[in-house]
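If you read the sequence shown in the numbering used here, its first letter stands for residue 1104, the second for the next number, and so on.
Even glycine gets a Cβ: it sits at the ideal position worked out from N, Cα and C.
Since the model is a prediction, treat every value here as computed from it, not as a measurement.
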Amino acid sequence: FNDVTPGSCAGVTQSMNAFIRRQVPAVDLLINSPGGCVVSGAGAMDVLDLAKRRGTNLTTTIYGMAASMGGFLSQTGAHRRMTRNAYFMIHQVSAIFGGSSSHLDEKQANMERLQQMLFSYMSERTGGKLSMEDLQAKCNDHDWWLTPEEALSHGLIDEII
């Protein structure tokens, strides 16, 4: 229920690792997030996927919104749910560049790799309803906001609650 930050992702990682050690059979990850740090969020996605591979039945439930990195985190659930008044938002990976101009090309290339990885993951989770090309086109120059019904029809969630 906040921004995706290194601190919030550290909390998710610590909790999920504890659940894995204790062999907790089911976890419901509640999401209401405007998004945030892509690198930290991608690390949290890895731990959530590890928990599923180790036998934890992971459900993700969106309350309010799952925007940007929050939307990508929602895709980790074996079962993905969304409340009736929530929103789902996807856009291209963005960052604020700092440092010298000689580093801009490298940072741009890293952002593009992250976007390819995240869009590929999301496309796979839709079961073929959205290709990577579809995702990129929908997010080309703007944020793509979806209602629960739209998210369900595009395969981004499994159930509206």
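Contact check, residue i vs residue j under 8 Å by CB: the rounded distance?
i, j, result
"ALA1181", "LEU1161", "5 Å"
"MET1185", "PRO1251", "5 Å"
"THR1229", "LEU1249", "Going by Cβ atoms, the distance from THR1229 to LEU1249 rounds to 12 Å, so no, they are not a contact pair."
Going by DSSP, name the residue or residues bridged to residue i.
i, result
"ARG1184", "THR1164 and GLU1262"
"VAL1107", "GLY1139"
Quick check: the Cα distance between residue i and residue j, rounded to an integer number of angstroms?
i, j, result
"GLU1262", "THR1164", "9 Å"
"MET1172", "SER1136", "8 Å"
"LYS1241", "TRP1247", "6 Å"
"SER1256", "SER1205", "43 Å"
"ALA1212", "THR1179", "25 Å"
Using DSSP with H/G/I as helix, E/B as strand and the rest coil, what is residue i?
i, result
"ALA1170", "strand"
"VAL1130", "strand"
"GLY1114", "helix"
"LEU1233", "coil"
Notebook entry, point to check: Between the segment 1106-1123 and the segment 1183-1199, do three or more beta carbon pairs fall short of 8 Å?
Noted result: no
Note to self: Closer than 8 Å is the cut-off here; do at least three beta carbon pairs connect the segment 1135-1142 with the segment 1107-1120?
What the structure shows: yes
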